[in-house]
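Structure first, then comments.
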Amino acid sequence: MPILEIDNIFKQYGDYIAVNNVSFSVEQGNIYGILGPNGAGKTTTIRMIMNIIAPDSGTVSLFGQEMSDQLKSRIGYLPEERGLYKKMKVKEVLLFLGELHGMKRNTAESSTLKWLEKLQLIDNKDSRVDELSKGMQQKLQIIGTIMHDPDLIILDEPFSGLDPVNVNLVKNIMMDLKNDGKAIMLSTHMMDAAEKLCDDILMINKGNKVLDGDLDQILSQHGKNSVQIEFKGDNKIFDEIAILEKVDHFPNYVEVQLKEGHKTSELLKLIIDKIEVTSLQTMKSSLNEIFISLAGGTENE
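Sequential numbering from -13 applies to the sequence shown in this note's numbering.
Quick look at the structure:
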């Protein structure tokens, strides 16, 4: 049974449809990505899951039940908006958040120290929140999201404010949580990060589902049928091959796109006697390229 099931949720504000009959489910031990540009409907979807706002129609179920305050305690939620008590010290904030999560004091304290160590904030445990950089504050909020050992972790733009080193740190933490059997829902406009992390994805734009399913299958099904070829010889031969839709020339290689219905093996037969091929590899479309081709990739107003 999926940990989270969303069935045809719909939300409208006046004439504006924020989320249009979206459905998906999140399994244990999986990272599920909700992807799209700013204003696509990602945060509205999460707020309906968390019962912050009610859908006009459709249902949200957690562990096969309707959402309730008791079930909500099994969720760790990192909202897009940040809300820390800036005059409190780091450790005090986390102990307070642990209390809100229903943790016993000694459990909250040991969890606080463990996660401060993992997120490389242990040396800042006695600092005031307003003395921390934006990236450090973001990591502090992430700790507050996961310190009570939730079964479902919902992260809305978790990489906001992080430098590349800390983005990788948080990615590694997410993979560790996945390997521990946690279900993670990741909302982001960072397609490259989602491509490395997610098992399944939902792409939305202007409140509408663009694409959803297993990430590997999506990347395979929406491949651009392109090949990168490193070779020695005259690169002009590629301009004369009829089965090629497009040819991009580079100093020591070419990138070619095959016309629909043609295969790499056909191309290889046509060139093998004319140049020395030193490397040939199929190029996959990125999630960003797939999104742009299907939805234009534009941000909403």
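Every residue, glycine too, gets a C-beta built ideally from N, C-alpha and C.
Beta-carbon spacing of residue i, residue j below 7 Å
i, j, result
"ILE140", "MET171", "yes"
"LEU266", "LEU138", "no"
"SER11", "ASN(-6)", "no"
"LEU148", "GLY121", "yes"
"LEU205", "ASP198", "no"
"GLU231", "GLN243", "yes"
"MET89", "GLY50", "no"
"THR98", "LEU80", "yes"
"VAL46", "ILE38", "no"
"LEU118", "LYS111", "no"
"VAL213", "THR264", "no"
"GLY27", "ILE278", "no"
"VAL240", "ILE215", "yes"
"HIS208", "SER271", "yes"
"LEU280", "VAL196", "yes"
"GLY167", "GLN14", "yes"
"GLY44", "PHE(-4)", "yes"
"ILE227", "LEU256", "yes"
"PRO136", "ARG33", "no"
Own chain residues within Cβ distance below 7 Å of residue i, not counting five before or after
i, result
"GLU143", "GLU66, SER173, THR174"
"GLN(-2)", "ALA4, ASP42"
"LYS75", "ASP112, SER113, ARG114"
"LYS77", "THR98, LYS111, ASP112"
"GLN127", "LEU64, ARG68, LEU70"
Counterpart residues of residue i in DSSP-defined beta bridges
i, result
"PHE(-4)", "SER43"
"GLU169", "Inspection of the sequence shows that residue 169 is occupied by Ala rather than by Glu. Beta-bridge pairing links ALA169 to LEU138."
"LYS75", "ARG114"
"THR268", "VAL213"
"GLY199", "ILE187"
"THR174", "LEU21"
"GLU181", "Answer by DSSP bridge pairing: none, since GLU181 is not bridged."
"VAL153", "For VAL153, which the question treats as bridged, DSSP gives no partner whatsoever."
"LEU(-10)", "VAL12, LEU48"
Backbone secondary structure at residue i - three-state DSSP
i, result
"ARG33", "helix"
"LYS222", "helix"
"GLY114", "The residue asked about is misnamed: residue 114 is Arg in this sequence, not Gly. Residue state, collapsed to three classes: strand."
"GLU85", "helix"
"GLY193", "coil"
"SER212", "strand"
"ASP162", "helix"
"GLY130", "helix"
"ILE20", "strand"
"GLU95", "helix"
"ALA291", "Here the chain has residues from -13 to 287 only, and residue 291 is not among them."
"ASP234", "strand"
"SER9", "strand"
"GLU285", "A caution first: GLU285 carries a pLDDT of 45, below 50, which makes its placement in the model too unreliable to give a value."
"GLY62", "strand"
"LEU57", "helix"
"LEU148", "coil"
"GLU252", "helix"
"GLN243", "strand"
"GLN295", "In the structure as shown, the chain begins at -13 and stops at 287. Residue 295 is therefore absent and cannot be evaluated."
Cβ-based neighbour list, residue i, same chain, cut-off 6 Å, excluding 5 preceding and 5 following
i, result
"ASN325", "An answer regarding residue 325 cannot be provided, because it is not within the stretch -13 to 287 covered by the chain."
"HIS248", "ILE229"
"TYR71", "VAL79"
"LYS260", "ILE223"
"ASN274", "MET177"
"HIS87", "HIS134"
"MET304", "Lying before the first or after the last residue shown, residue 304 is absent from the chain, which here runs from -13 to 287."
"LYS245", "ILE229, GLU231"
Near the ligand ZN: residue i beta-carbon under 6 Å from a heavy atom
i, result
"ASP(-7)", "What this structure holds is no ligand at all, so the ligand ZN is not there to describe."
Neighbourhood of residue i by C-beta, 8 Å cutoff - its chain only, sequence neighbours within 5 removed
i, result
"GLU85", "ARG91, ALA94"
"LEU57", "LEU48, PHE49, GLN51"
"ILE108", "LEU99, LEU102"
"ILE220", "A small fix is needed here, since residue 220 is Asp in this sequence, not Ile. Here the set comprises LYS260, ILE261."
"LYS182", "LYS157"
"SER146", "GLU66, GLN124"
"ASP116", "LYS72, LYS73"
Checklist entry - Do the region 7 to 26 and the region 57 to 72 make contact, defined as three or more Cβ pairs closer than 8 Å? => result no
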